[in-house]
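Enquirer: Have a look at the structure that comes next, please.
Protein chains: 2
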Amino acid sequence: MDFVTVGTEFVNHYYQTFDTNRAGLSNLYTADSMLTWEDEQFKGVESIMEKIGSLSFQKIQHQVFRMDFQPSIGGSILVSSTGQLLMDEDSNGIPFAQSFVLNQANGAWYVHNDIFRLNIMA
Amino acid sequence: MDFVTVGTEFVNHYYQTFDTNRAGLSNLYTADSMLTWEDEQFKGVESIMEKIGSLSFQKIQHQVFRMDFQPSIGGSILVSSTGQLLMDEDSNGIPFAQSFVLNQANGAWYVHNDIFRLNIMA
Chain G
1 MDFVTVGTEF VNHYYQTFDT NRAGLSNLYT ADSMLTWEDE QFKGVESIME KIGSLSFQKI
61 QHQVFRMDFQ PSIGGSILVS STGQLLMDED SNGIPFAQSF VLNQANGAWY VHNDIFRLNI
121 MA
Chain P
1001 MDFVTVGTEF VNHYYQTFDT NRAGLSNLYT ADSMLTWEDE QFKGVESIME KIGSLSFQKI
1061 QHQVFRMDFQ PSIGGSILVS STGQLLMDED SNGIPFAQSF VLNQANGAWY VHNDIFRLNI
1121 MA
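Residue numbers (our numbering), protein chains in the order written: chain G, 1 to 122; chain P, 1001 to 1122.
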């Protein structure tokens, strides 16, 4: 599969899983994965899934505006997504930006890098 | 230098140069560099600088909200920035997100990947 196909399938799967079955994201991370979530940093699937599981909203919907992909170092893929988050009963979306580097290990793609930011003034 | 220092110096230099002397960005790209600018894609420093030089605003200011960094594949660095663009005489900023992978060649850092998106609904 080319990098656009891998990236597109990843982004669709990631946000669908995040919004419906957050625990299912654990398949995407390994011991080498890093997550920056706002001001916090996590390394490894256990630490990352503990953070993702602890997020306080009950209902969440990622509305993706754009997803972009480029081939990167060592056969990896840079993925950039922009969109807005709709949380719980709030109908006003908050813009977000997320960057991933996808890499292959043992023939399977995994998330090596993951940086998430709400795109709002500091 | 650690990845946070490299990334921070890069982001500060990149936007300062973009806003004051766009042609000076050419030092940051090589023949291997890729740029996605909204829906267009460019490869190599000449093609990238032609695009950046052709952007139609006269005055531009990037106001960076956040910059984040992670070490990535093969000693590269993933850089994610969010902020808003202030263009010409318009005082309303437009949110943007930009992702870079910085890599080293011949002992110098260069931009291997660059994805720029205005963070607005499609």
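All residues carry an ideal CB built from backbone N, CA and C; glycine is no exception.
Buried or exposed: where does P:L1102 fall if 16 or more other Cβ atoms within 10 Å of its Cβ makes it buried?
Expert: buried
Enquirer: Would you mind sorting G:A31 into buried or exposed? The rule is 16 or more other CB atoms within 10 Å of its CB.
Expert: Per the 10 Å Cβ criterion, exposed.
Enquirer: Using only the heavy atoms of the ligand FAD, determine whether one of them is closer than 8 Å to the beta carbon of G:L85.
Expert: Among the components modelled here there is no ligand, and therefore nothing to report on the ligand FAD.
Enquirer: Check each candidate in P:S1026, P:G1083, P:M1049 and P:N1113 and name the one with the smallest Cα separation from G:D68.
Expert: P:N1113
Enquirer: G:H112 CB to nearest chain P CB: under 9 Å?
Expert: yes
Enquirer: Identify the continuous alpha helix (DSSP H) that holds G:Q16 and give its terminal residues.
Expert: F3 to T20
Enquirer: What does DSSP give as the partner residue(s) for G:E38 in the beta ladder?
Expert: As DSSP reads the structure, G:E38 sits in no beta bridge.
Enquirer: Using 8 Å for Cβ pairs, my map puts P:Y1029 next to P:I1060. What's the rounded Cβ distance?
Expert: So it is not a contact: roughly 19 Å between Cβ atoms.
Enquirer: For P:S1080, which residues in the same chain have their Cβ closer than 6 Å to its Cβ, ignoring the five residues on either side in sequence?
Expert: D1068 and S1099
Enquirer: Output needed in chain order: residues of the segment 12 to 26 of chain G with a Cβ under 9 Å from some Cβ in chain P.
Expert: none
Enquirer: Count the other C-beta atoms from every protein chain shown that fall within 10 angstroms of the C-beta of G:A108, then say buried if there are 16 or more, exposed otherwise.
Expert: exposed
Enquirer: Let me confirm a value: G:F57 is counted as buried when at least 16 other C-beta atoms fall within 10 Å, else exposed. Which label applies?
Expert: exposed
Enquirer: Could you check where the alpha helix (DSSP H) with P:S1054 kicks off and where it finishes?
Expert: V1045 to S1054
Enquirer: Which same chain residues, not among the five before or five after G:H13, have their C-beta less than 7 Å away from its C-beta?
Expert: Cβ within range, chain order: n/a, list empty.
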